[in-house]
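Reviewing the structure listed below.
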DNA sequence: CCACCACTAGAACGATCGCTCTATCAAGTG
DNA sequence: CACTTGATAGAGCGATCGTTCTAGTGGTGG
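Residue numbers (our numbering), protein chains in the order written: chain R, 79 to 281; chain V, 79 to 281.
Here it is, written out as structure tokens:
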């Protein structure tokens, strides 16, 4: 049973959230910022205001199982942000550009630390931790699908929608990384503008 | 003094190369594959067939100084590959698409492990290791400049060339990461095709 | 010949890693 | 009430981390 009160409030970042959920959120944020190897389980527990015992109670598979859960969490979160951005306009070009703008704004607001939730972990564990790699692949596929659905809804053919989704997501990922390193919104905004142009030239 | 013979051969991956250079190469390859925190100095030394003493002799600043040197090495290497790809055609659109193709081929040949030499390290150390972040920023700027020069030579205006270079590099980076996770050349090839189209629509 | 120096070699240190283990606590359930 | 079960708590394990330190090697200039 949770020790903390359960129904008190649904405040997003604080108590009132079950221990397991707090641990997953902390893990997701830390993996996003410092990658898999750079994030210790003890730090995750401390950040989540949980104890090591609780972490291993919920994730008997240890760090790897926790990382998979954290990546799935980041997957859902990023998909929501992508979906919300895409809903901002019926024109797919405008919608994608708005997405890039939102990512840029959020990135600046975080002090340039919170970019894509999975890239760092994905690159670090490539080919050496299959379960994590699968979770990362599922996330990328999911985000591509969110984009592809939008493009299909806007009249693109199935294959063309998939290809466009692949490139747009890749450009946003790369631009976000560039923006983080340069501490500037410009790469994301430029990529958004170019992706809008690419979409228009194809419709 | 180096124990090994110096002028014997310039074979790229083996002996005949100074200890310092061997260490930098090993560090660069390992940082590329498993990031900064995931790569131990002792492993770098073993992989370079050097000893810990030698590593700290050449890099008294420790892991951080070695990482900076490794990133600069990856910078030069990737810039060369980019330049070689761009030289393959006078048409900038064709040249960029060839670049993507080459990256895809090289990536597959490495067993999907050797992507961008700095992304993993850059994301892991963002905002926590300024000297490494600077080296990563310099690399990205350098690669953008390689692309921008090509675009300017092909008749693009200065600002437009810079913007295109920024987006093309971001798309290639993102597509390479996607290709690694999916173990498929397709994301890189698709991004190359789309970037070619974007360039053509702007000229 | 020898003092010097660049380099090699690796033992050892404290800190931290992921993980295991036992003990305790708080609520149900009979 | 006793007993079970889910969850919390953290000490402690062996391994590895980055780093420091001393010792040794071999070629070179004086």
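The beta carbon of each residue, even a glycine, is placed where N, CA and C say it ideally should be. If you're wondering where the values come from, they're calculated on a predicted model, not measured in any experiment.
Write down every uninterrupted run of the alpha helix (DSSP H) in the segment 159 to 214 of chain V whose length is 4 residues or greater and which is fully enclosed by it, in chain order.
List check, alpha helix (DSSP H) in window: 170 to 187, 197 to 203.
Please name the residues in the segment 243 to 269 of chain R whose beta-carbon is closer than 8 angstroms to at least one beta-carbon of chain V, in chain order.
Against chain V - using a Cβ distance shorter than 8 angstroms - the residues of the segment 243 to 269 of chain R are 244, 245, 247, 248, 249, 250, 251, 252, 253, 255, 256, 258, 259, 260, 264, 265, 268, 269.
Buried or exposed: residue 75 of chain R, going by 16 or more other Cβ atoms within 10 Å of its Cβ?
No answer is possible for residue 75 of chain R: it lies beyond the span of chain R, which begins at 79 and ends at 281.
Going straight from the alpha carbon of residue 127 of chain V to that of residue 277 of chain V, what length do you get?
Going by the C-alpha atoms only, they are around 46 angstroms apart.
When Cβ atoms are compared, which residues of the segment 174 to 198 of chain V fall closer than 8 angstroms to chain R?
Residues 189, 190, 191, 193, 197, 198.
Using the Cβ count rule (16 or more neighbours within 10 Å means buried), how would you classify residue 42 of chain V?
Lying outside 79 to 281, the shown extent of chain V, residue 42 of chain V is not represented and no answer is given.
Chain V partners of residue 125 of chain R, CB-CB under 8 angstroms?
Within 8 angstroms Cβ-Cβ: nothing; residue 125 of chain R doesn't reach chain V, min ~15 angstroms.
Report the rounded CA-to-CA distance for residue 240 of chain V versus residue 143 of chain R, giving the unit in angstroms.
If I take the Cα positions, the gap works out to 43 angstroms.
With a cut-off of 8 angstroms, does the C-beta of residue 200 of chain R fall near any C-beta of chain V?
Taking Cβ atoms only, chain V reaches closer than 8 angstroms to residue 200 of chain R, which makes this a yes.
Output, in sequence order along the chain, the residues in the segment 111 to 123 of chain R whose CB is closer than 9 angstroms to any CB in chain V.
Under the 9 angstroms Cβ criterion, the segment 111 to 123 of chain R contributes 111, 112, 113, 114, 115, 116, 117.
By the DSSP assignment, the alpha helix (DSSP H) with residue 256 of chain V in it spans what residues?
236 to 260 is the span of the alpha helix (DSSP H), which, as asked, contains residue 256 of chain V.
Quick one: grab the DSSP three-state call for residue 268 of chain V.
Three-state DSSP puts residue 268 of chain V in a helix.
With a threshold of 8 angstroms between beta-carbons, can residue 108 of chain R be considered close to chain V, or not?
Not an interface residue.
At a Cβ cut of 7 angstroms, what residues of the segment 211 to 234 of chain V count as close to chain R, listed as they run along the chain?
The segment 211 to 234 of chain V vs chain R, Cβ under 7 angstroms: 211, 214, 215, 218.
For residue 279 of chain V, which residues in chain R fall below 7 angstroms Cβ to Cβ?
Per Cβ cutoff of 7 angstroms: 275, 279.
Write down the C-beta distance between residue 265 of chain R and residue 257 of chain R rounded to the nearest angstrom, noting that I regard them as a contact closer than 8 angstroms.
Yes, they are in contact, since the Cβ atoms of residue 265 of chain R and residue 257 of chain R sit about 5 angstroms apart, within 8 angstroms.
Could you tell me whether the segment 156 to 173 of chain V touches the segment 120 to 135 of chain V, using the rule of 3 or more Cβ pairs below 8 angstroms?
Verdict: no, contact absent.
Could you name the residues of chain R that residue 272 of chain V contacts, counting a contact when the two beta carbons are closer than 7 angstroms?
Under the 7 angstroms cutoff, chain R gives 245, 276.
Hey, residue 234 of chain R and residue 225 of chain R are a contact pair by Cβ (cut 8 angstroms); roughly how many whole angstroms apart?
About 10 angstroms; that fails the 8 angstroms criterion.
Have a look at R:101, R:204, R:193, R:269 and flag the residue whose alpha-carbon is nearest the alpha-carbon of residue 136 of chain R.
Of the listed residues, the one whose Cα sits closest to residue 136 of chain R is R:101.
Who are the neighbours of residue 241 of chain V on chain R, taking C-beta pairs under 7 angstroms?
The contacting residues are 268.
Output yes if chain R places a C-beta closer than 8 angstroms to the C-beta of residue 140 of chain V; else output no.
For residue 140 of chain V, the answer is no, since every Cβ of chain R falls outside 8 angstroms of its Cβ.
Can you name the residues of chain V whose CB is closer than 9 angstroms to the CB of residue 205 of chain R?
Those are 111, 189, 190, 191, 258, 261, listed as they occur along chain V.
Between the segment 180 to 190 of chain V and the segment 201 to 215 of chain V, do at least 3 Cβ pairs fall closer than 8 angstroms?
Contact fails: fewer than three Cβ-Cβ distances are below 8 angstroms.
List the whole-angstrom C-beta distance separating residue 348 of chain V from residue 109 of chain V, where the pair is believed to meet the contact cut-off of C-beta under 8 angstroms.
Chain V is shown only over 79 to 281; residue 348 of chain V falls outside these bounds and no answer can be derived.
Check whether the Cβ atoms of residue 145 of chain V and residue 105 of chain V lie closer than 8 angstroms to each other.
The answer is yes: Cβ separation under 8 angstroms.
Pull up the distance between the alpha-carbon of residue 281 of chain V and that of residue 232 of chain V, whole angstroms please.
One C-alpha to the other measures close to 9 angstroms.
Hey, would you say residue 196 of chain V sits closer than 8 angstroms to residue 214 of chain V, going by beta carbons?
Result yes, Cβ atoms of residue 196 of chain V and residue 214 of chain V sit closer than 8 angstroms.
Just the Cα atoms here: how many angstroms apart are residue 255 of chain R and residue 221 of chain V?
Distance between the alpha carbons of residue 255 of chain R and residue 221 of chain V: 14 angstroms.
Taking Cβ positions, are residue 216 of chain R and residue 153 of chain R nearer each other than 8 angstroms?
In this structure, residue 153 of chain R lies closer than 8 angstroms to residue 216 of chain R by Cβ.
In whole angstroms, what separates the C-alpha of residue 194 of chain R from that of residue 229 of chain V?
Distance between the alpha carbons of residue 194 of chain R and residue 229 of chain V is about 29 angstroms.
What first and last residue would you give for the alpha helix (DSSP H) that runs through residue 136 of chain R?
Residues 130 to 136.
Does the distance from the C-beta atom of residue 293 of chain R to that of residue 245 of chain V stay below 8 angstroms?
Outside the displayed span of chain R (79 to 281) sits residue 293 of chain R, for which this structure offers no information.
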